[in-house]
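S.K.: The structure follows.
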Amino acid sequence: MKSDRIKFLVFALVVLLIPLPLSGGYLTNVLIFVGINSVLALGLNLLLGYAGQISLGQAAFFGLGAYGSGVLTTAYGLNPWLAMVVVAVCVALFAFAIGFPVLRLKGHYLAMATLGVGVIVNIAFNETVELTGGPSGLSGIPNLSIGSLTFDSDLKNYYLVWVFALGMILLSLNLVNSRFGRGLRAIHDSEVAARVMGVNARLMKVQVFTLSAFMSAIMGSLYCHVMTFISPNSFGFHFSVEILTMIVIGGLGSVYGSILGALLLTLLPEMLRTFQDYDIIVYGLLLITMTIYLPGGLVEGIPALLRRLVPAKKVTEGSDA
Amino acid sequence: MLSLNGIGKRFGGLTALEGISFNVGKGAITGIIGPNGAGKTTLFNVATGIYPPSCGAVLLEGKDISKLPPEGRARLGLVRTFQNIELFGKMTVLENVMVGLHTQSSSGLFACSFRMPWQMSEEKRIRARAMELLDFVGIPELAEVQAGTLSFGKGRLLEIARAMALEPKLLLMDEPAAGLNSSETADLADLIKKIRDLGVTVALVEHDMDLVMDICDQLVVLNLGTMLAEGTPRQIQDNPAVITAYLGEE
Chain Z
0 MKSDRIKFLV FALVVLLIPL PLSGGYLTNV LIFVGINSVL ALGLNLLLGY
50 AGQISLGQAA FFGLGAYGSG VLTTAYGLNP WLAMVVVAVC VALFAFAIGF
100 PVLRLKGHYL AMATLGVGVI VNIAFNETVE LTGGPSGLSG IPNLSIGSLT
150 FDSDLKNYYL VWVFALGMIL LSLNLVNSRF GRGLRAIHDS EVAARVMGVN
200 ARLMKVQVFT LSAFMSAIMG SLYCHVMTFI SPNSFGFHFS VEILTMIVIG
250 GLGSVYGSIL GALLLTLLPE MLRTFQDYDI IVYGLLLITM TIYLPGGLVE
300 GIPALLRRLV PAKKVTEGSD A
Chain W
0 MLSLNGIGKR FGGLTALEGI SFNVGKGAIT GIIGPNGAGK TTLFNVATGI
50 YPPSCGAVLL EGKDISKLPP EGRARLGLVR TFQNIELFGK MTVLENVMVG
100 LHTQSSSGLF ACSFRMPWQM SEEKRIRARA MELLDFVGIP ELAEVQAGTL
150 SFGKGRLLEI ARAMALEPKL LLMDEPAAGL NSSETADLAD LIKKIRDLGV
200 TVALVEHDMD LVMDICDQLV VLNLGTMLAE GTPRQIQDNP AVITAYLGEE
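If you read the protein sequences in the order shown, they are chains Z and W.
Residue numbers for the first sequence follow numbering that gives the first Met the number 0, beginning at 0 and rising by one.
Residue numbers for the second sequence follow numbering that gives the first Met the number 0, beginning at 0 and rising by one.
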């Protein structure tokens, strides 16, 4: 328990100190998206890695958050913070309502149903042109501000996003190590046994689905205020799959795994720019290699790799002597 | 305690159970026996709400629970163990028992994520209670072991500890001795008697006749989905219909 606290504090400290030497450059900008993606990955990981329920529609909740805040603040001039709360609650209610029928399905059928939700929502962004601007996007979204402090630079936005992200990471850590988290993991291991133990599996699945939608919606709102411009492309099926890839690469059923996955998959395309047109091939090869050699994700793979390297070193030292 | 009134269960054209009616007496150990395919496990699944019955009613302490889902029945004190042990393999032994304490605690999504003070004290309470239960079945030293790595015998004990965590009025055990060696079976017999002495009614499906004859106060014999006989172990042993079902006709 105590070591978990220390781990989180170290992590939070690192997050808060990292941008200082970067002085608001390009990397700071990329790290804002690492923060957003971390929470999106974490939301899906609570659902898939802990409760064992897949969703291929996470980008839809992210998009609903972004468009909700975008439309309410531009067309209706609502206070952005108020809009964020209103939108997150509405998205959560929407997820709660569709959660009951959708989460009765299992496995591939659940994947198909959530995929369907994602596609329908994305079509709605494209087609409701008078509200969302359609395929050409929605621009002129204001930056967030507190009093005279306006979040208009990369450095300010970095802290804005990461304060939210750290809060949600802390709450998620609490959640997974509690009665609720144990219930989710029990459902994952054996739903029948969990129900016989008195765990209300149907309700808990919907609750965690709602929570993941809520987290995604908050990040969507932040995203629209950071970017000040949004278009439907950012919230399509492709992005839902990318979120899924993040947690598979990072580590299913691990809070920090979600963050590692988000970090890697957000930084990787930037780092691969040097390969120019071949970047997508290298990207694909790296993902394939990682899924083959690190089946438990980075969060299990890195310590395992270190363990393998450290004794090996000792052996060579021994043979030298 | 538990009354089954005319239970029938069909899977498509297959009749798995037909016209099953009997009472499980309060405070006693009732054994349900019968040859393979007699419908014993199906009967358990109907009693605990995993399958709905095709006809008939399940009554717990006179209350009709036929429509309740498994988790609803668990809350009323009807708890079961599984033939093939359904543990939460990726969780520790202690966490498995703590899931069993789910109904004895109430912290929800918000209390858990914000670590409310009452949630923290509840967590402490169920952790201590879970350790007591591991002591009760005799595996306290395994508390931090991953449940999936346990031997079959230890897994069975954990499953019983987890079931006892729900403070059952009636504990249904599906072949508790399956896969156990003879010394483990003897320990199991003592444990089941200890559970009965706590005032928990026990009903078990079992193939191990020595165990059944040793610990059961009352027996129900099923054959091909119907009830063949009911009575004390002595009566059942002398019942010609039962002998025929088990050994065939002369």
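Heads up, the beta-carbon is just placed ideally off N, CA and C, and yes, glycines get one too.
Bear in mind the structure is a predicted one, so any value in this text is a computation, not a measurement.
Which of the residues in the region 104-125 of chain W, read from start to end, lie with their CB under 9 Å from any CB of chain Z?
M.R.: So the close ones are Ser104, Ser105, Ser106, Gly107, Leu108, Ala110, Cys111, Ser112, Phe113, Arg114, Gln118, Glu121, Glu122, Ile125.
S.K.: Check the DSSP bridge columns for Glu229(W) and list the partner residues they point to.
M.R.: BP columns for Glu229(W) point to Val219(W).
S.K.: Within 8 Å (strictly less), CB to CB, does Thr41(W) reach chain Z?
M.R.: It does not: the Cβ of Thr41(W) has no partner Cβ on chain Z nearer than 8 Å.
S.K.: Roughly how many angstroms lie between the CA atoms of Val128(Z) and Pro134(Z), to the nearest whole one?
M.R.: Approximately 8 Å between the Cα atoms of the pair.
S.K.: Mind pulling the chain Z residues with CB within less than 9 Å of Lys89(W)?
M.R.: Within chain Z, the residues near Lys89(W) are Arg184, His187, Asp188, Gly252.
S.K.: Among Ile28(W), Ala56(W), Arg72(W), which one has its Cα closest to the Cα of Ala192(Z)?
M.R.: The option with the nearest alpha carbon to Ala192(Z) is Arg72(W).
S.K.: Please list the partners that Gly197(Z) has in chain W, where partner means a Cβ-to-Cβ separation under 7 Å.
M.R.: Correct list: Glu70, Ala73, Arg74, His101, Thr102, Leu165.
S.K.: Ordered along the chain, which non-local residues of its own chain (more than five positions away) have a Cβ less than 7 Å from that of Lys6(Z)?
M.R.: None.
S.K.: What's the call for Gln57(Z), buried or exposed, on a 16-neighbour Cβ count within 10 Å?
M.R.: Buried: at least 16 other Cβ atoms inside 10 Å.
S.K.: Please name the residue, chosen from His237(Z), Ala303(Z), Asp153(Z), Ser54(Z), that lies closest to Asn28(Z) on a Cα-to-Cα basis.
M.R.: Considering only alpha carbons, the answer is Asp153(Z).
S.K.: What's the gap between the Cα of Gly260(Z) and the Cα of Gly55(W)?
M.R.: One C-alpha to the other measures close to 53 Å.
S.K.: List, in order along the chain, the chain W residues whose C-beta lies closer than 9 Å to that of Phe179(Z)?
M.R.: Per Cβ cutoff of 9 Å: Ser106, Gly107, Leu108, Ala110, Cys111, Ser112.
S.K.: According to the Cβ coordinates, are Val86(Z) and Gly67(Z) closer than 8 Å?
M.R.: Against a cut-off of 8 Å, the Cβ pair of Gly67(Z) and Val86(Z) comes out as a contact.
S.K.: Among all the DSSP beta bridges, which residues are the ones paired with Asp173(W)?
M.R.: Note: Asp173(W) sits in a beta bridge opposite Val204(W).
S.K.: So that I know if they touch, is there some Cβ in chain Z lying closer than 8 Å to that of Arg79(W)?
M.R.: So yes, Arg79(W) belongs to the interface.
S.K.: What whole-angstrom Cβ distance do Pro268(Z) and Asp276(Z) have, given they're in contact under 8 Å?
M.R.: Pro268(Z) to Asp276(Z), Cβ: 13 Å. No contact.
S.K.: Rounded to the nearest angstrom, what separates Ile214(W) and Leu59(W) at their Cα positions?
M.R.: Each residue's Cα considered, the two are about 23 Å apart.
S.K.: Can you tell me whether Gln217(W) is buried or exposed? The criterion is at least 16 other CB atoms within 10 Å of its CB, across all chains shown.
M.R.: By the neighbour-count rule (16 or more Cβ atoms within 10 Å), Gln217(W) is buried.
S.K.: Please classify Leu183(Z) as buried or exposed, where buried requires at least 16 neighbouring CB atoms within 10 angstroms.
M.R.: By the neighbour-count rule (16 or more Cβ atoms within 10 Å), Leu183(Z) is buried.
S.K.: Determine the closest residue to Ala50(Z) out of Phe274(Z), Lys105(Z), Ile145(Z), Leu263(Z), with distance taken between C-alpha atoms.
M.R.: Ranking the options by Cα distance to Ala50(Z), first place goes to Lys105(Z).
S.K.: I want to verify the contact list: residues of chain Z whose CB lies under 8 Å from the CB of Thr47(W), in sequence order.
M.R.: Within 8 Å Cβ-Cβ: Val195.
S.K.: Can you confirm whether Leu264(Z), when its beta carbon is compared against all beta carbons of chain W, has any partner nearer than 8 Å?
M.R.: Not an interface residue.
S.K.: Closer than 8 Å, CB to CB, is Gln206(Z) near chain W or not?
M.R.: Chain W, which has a Cβ nearer than 8 Å to the Cβ of Gln206(Z), makes this yes.
S.K.: Name the chain W residues that come within less than 8 Å of Asn173(Z), Cβ to Cβ?
M.R.: Residues of chain W passing the Cβ test: Cys111, Ser112, Phe113, Arg114.
S.K.: So if I threshold CB-CB distances at 8 Å, which residues from the region 23-57 of chain Z count as touching chain W?
M.R.: Answer set for the region 23-57 of chain Z: empty.
S.K.: Below 8 Å on C-beta distance, what does Glu174(W) contact in chain Z?
M.R.: None at all; the shortest Cβ gap to chain Z is about 16 Å.
S.K.: Is it true that the region 129-142 of chain W meets the region 35-45 of chain W, where meeting means three or more beta-carbon pairs spaced less than 8 Å apart?
M.R.: No: fewer than three Cβ pairs fall under 8 Å.
S.K.: Looking only at its own chain, which residues have a Cβ that is under 7 Å from the Cβ of Val281(Z), when we skip the five neighbours before and after it?
M.R.: Counting only Cβ-Cβ distances below 7 Å, and skipping sequence neighbours, we find Leu271, Phe274.
S.K.: Suppose the cutoff is 8 Å on Cβ atoms and the five residues either side in sequence are ignored; what does the same chain contact list for Glu143(W) look like?
M.R.: If we look at Glu143(W) and ignore the five residues flanking it on each side, its Cβ neighbours are Thr91, Val92, Leu93.
S.K.: Going residue by residue through the region 15-98 of chain W, where are the continuous beta strand (DSSP E) segments of at least 3 residues, counting only ones entirely within it?
M.R.: Segments of the beta strand (DSSP E) lying fully in the region 15-98 of chain W: 28-32, 54-59, 77-80.
S.K.: Phe21(W) and Met172(W): beta carbons closer than 8 Å?
M.R.: Not a contact, by the Cβ cut-off of 8 Å.
S.K.: Using only alpha-carbon positions, find the residue among Leu305(Z), Val225(Z), Ser177(Z), Phe238(Z) that is nearest to Asn121(Z).
M.R.: Minimum Cα distance to Asn121(Z) is reached at Phe238(Z).
S.K.: Going by beta carbon distance, what residues of the same chain come within less than 7 Å of Ala94(Z), once the five residues before and after it are set aside?
M.R.: Here the set comprises Phe60, Phe208, Thr209, Ala212.
S.K.: Whole angstroms is fine: what's the gap from Leu157(W)'s alpha carbon to Val96(W)'s?
M.R.: Taking the straight line joining both Cα atoms gives about 7 Å.
S.K.: What are the partner residues of Phe228(Z), as DSSP defines its beta bridges?
M.R.: The partner list for Phe228(Z) (beta bridge, DSSP) reads Ser138(Z).
S.K.: Using a Cβ-Cβ distance under 8 Å, would Met0(W) count as near chain Z?
M.R.: It does not: the Cβ of Met0(W) has no partner Cβ on chain Z nearer than 8 Å.
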